[in-house]
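Position in the sequence shown (first residue = 1) + 32 = this note's numbering.
Cβ coordinates follow ideal geometry from the N, Cα and C atoms, glycine included.
A quick note: this is a predicted structure, and the numbers were derived from the prediction, not measured.
Quick notes on the structure that follows.
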Amino acid sequence: MSITPPMSVGVAKGRFDSRLEPYVLDCLARVKAYLGREADVEQAVAVCALVDMKNDAGDMPQLVTPSPEPAGARDRVGHQHDNDDDDGGNHDGSIRPQPRLGRRRPQPPPPAALTSAGGGKVRKAPHMRHRYRPTERSEARSSDSDLFARRFKDVMNARASGKGEWESFVDARLPRGAAAGDALRAEEVRLCGELDITEDVYRCQRARFFLGIAAFTEEVRRRQARGMLRTQWNIGKTQFQLFGTMDANKSSKVFELFLELGWVQPAKQTPTSRDAYEQMFPPEHRDTLHREMRSWELEHITDSSLHVVTTL
């Protein structure tokens with residue numbers, strides 16, 4: 033075991049503290065055994081101190097005391113300038129400590145880059161936000177027509193939220209050409225088969241759709257009278273999806289059938305289409321729907337800033 037001198041005590045020009053005499057003598061002996069000749073004190077102590085410090089460090093590669101070499105080793109070292117990694121010496125003749133080569137810990141391979149089917153790199157997916165959950169406050173960011181359609185759905189669901197409870201919506205005004213009573217036209221029966229829905233479900237959704245058109249028509253008329261209609265409200269597939277409780281694609285198919293039968297106007301509203309709807313739904317029918325929606329909103333929505341049904 034080597035003796036490491038205090039770092040505060042220096043050794044220079046062959047002079048050293050007497051307290052370090054055992055360490056210095058040990059250094060001289062080790063260097064002489066390595067070189068096969070005498071070495072000066074400063075050189076011997078410097079080399080041995082470096083070797084000892086490296087060997088004592090737990091996180092450093094372990095070094096050992098150089099092993100003795102033949103007397104001619106020093107001369108051979110001085111002439112091998114082109115292979116310093118093998119000779120263990122520097123060009124100035126000083127001694128370089130030799131590391132002990134141990135087994136290297138295996139390192140895991142770097143992760144392979146993701147590639148697409150076409151060979152290109154796949155971009156990292158951006159940070160995803162939490163899924164949007166609509167609330168009364170957040171709905172304020174929607175358009176006026178969407179807000180009104182959602183409020184209509186709330187009111188109709190208060191009557192009945194089931195898909196096939198058509199008896200709760202018998203007040204709906206059906207267009208001319210619709211079959212009398214509970215009967216359905218051949219086109220409607222065929223559509224029920226294509227959509228895989230029962231006739232009761234179809235009757236319920238059809239009634240809700242025409243009640244929604246009537247409520248929209250009355251709300252647009254009132255907003256226009258008060259100068260509140262900033263943009264025209266469409267009545268199309270999107271609104272049908274909000275009026276009913278059926279799958280969105282199925283609701284769109286129903287709108288397409290109604291359009292083919294001439295029961296509804298094109299989605300983009302014009303003065304002509306609004307007049308057609310006002311003729312289709314009598315004022316008393318529209319007023320009754322409007323009062324129902326207004327009463328429900330006053331009862332269930334405490335914050336008046338969230339009301340969407342006009343008061344006129």
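Review point. Ordered along the chain, which non-local residues of its own chain (more than five positions away) have a Cβ less than 7 Å from that of cysteine 236?
Key: Lys195, Gly196, Glu197, Trp198 and Phe201
Check your understanding: Quick one: complete beta strand (DSSP E) runs, 3+ long, within the segment 263-343?
Key -> none
Exercise for review: Inspect the beta-carbon positions of leucine 274 and lysine 185 and report whether they are closer than 7 Å.
Suggested key: Taking the C-beta atoms as reference points, lysine 185 is found nearer than 7 Å to leucine 274.
Review point. Among Gly276, Asp279, Phe272 and Met278, which residue has its Cα nearest to the Cα of leucine 291?
Key: Phe272
Review point. Is the distance from the Cβ of phenylalanine 241 to the Cβ of isoleucine 267 below 7 Å?
Key: At the C-beta level, phenylalanine 241 and isoleucine 267 stay beyond 7 Å of one another.
Exercise for review: Just mark aspartate 84 as buried or exposed, buried being the case when its beta carbon has 16 or more other beta carbons within 10 Å.
Suggested key: Aspartate 84 is buried by the Cβ-count criterion.
Review point. Does the ligand MG have even one heavy atom less than 6 Å from the beta-carbon of serine 174?
Key: Among the components of this structure there are no ligands whatsoever, and the ligand MG is therefore not found.
Check your understanding: Nearest-angstrom Cα distance between alanine 61 and asparagine 87?
Key -> Each residue's Cα considered, the two are about 18 Å apart.
Practice item. Give me the Cβ distance between leucine 227 and lysine 269, rounded to the nearest whole Å; I'm assuming they're in contact under 8 Å. Key: Actually they are not in contact, since the Cβ atoms of leucine 227 and lysine 269 sit about 14 Å apart, beyond 8 Å.
**Study point:** Where the alpha helix (DSSP H) containing glutamine 256 begins and where it ends
**Key:** 231-257
**Study point:** Span of the alpha helix (DSSP H), counted from its first residue to its last, around methionine 188
**Key:** Where methionine 188 is concerned, the enclosing alpha helix (DSSP H) stretches over 176-191.
Review point. Is it buried or exposed for leucine 243, if we count other Cβ within 10 angstroms and need 16 for buried?
Key: buried
Check your understanding: Smallest Cα separation from glutamine 264: which of Arg258, Ala257 and Val252?
Key -> Val252
Review point. Can you name the start and end residues of the alpha helix (DSSP H) that glutamate 220 belongs to?
Key: 218-227
Check your understanding: Any chance the segment 175-194 sits against the segment 309-328, with 3 or more Cβ pairs inside 8 Å?
Key -> Three or more beta-carbon pairs separated by less than 8 Å link the segment 175-194 to the segment 309-328, which places the two stretches in contact.
Check your understanding: Expressed to the nearest angstrom, what Euclidean distance is found between the alpha-carbon atoms of threonine 277 and serine 193?
Key -> 7 Å
Check your understanding: What span of residues does the alpha helix (DSSP H) with leucine 261 cover, start to end?
Key -> First-last for leucine 261: undefined, no H or E at that position.
Review point. Around the C-beta of glutamate 53, are 16 or more other C-beta atoms found within 10 angstroms, so that it is buried, or is it exposed?
Key: exposed
Point to revise | Inter-residue spacing [alpha-carbon to alpha-carbon] between glycine 209 and glutamate 219 | key: 12 Å
Review point. Nearest-angstrom Cα distance between alanine 211 and alanine 239?
Key: 13 Å
Exercise for review: Find the nearest neighbour of arginine 191 within the set Leu321, Ala71 and Cys80, judged by alpha-carbon distance.
Suggested key: Leu321
Review point. DSSP on glutamate 53, reduced to helix/strand/coil?
Key: Here glutamate 53 sits in helix by DSSP.
Review point. Quick one: what does DSSP say valine 79 is sitting in, helix, strand or coil?
Key: helix
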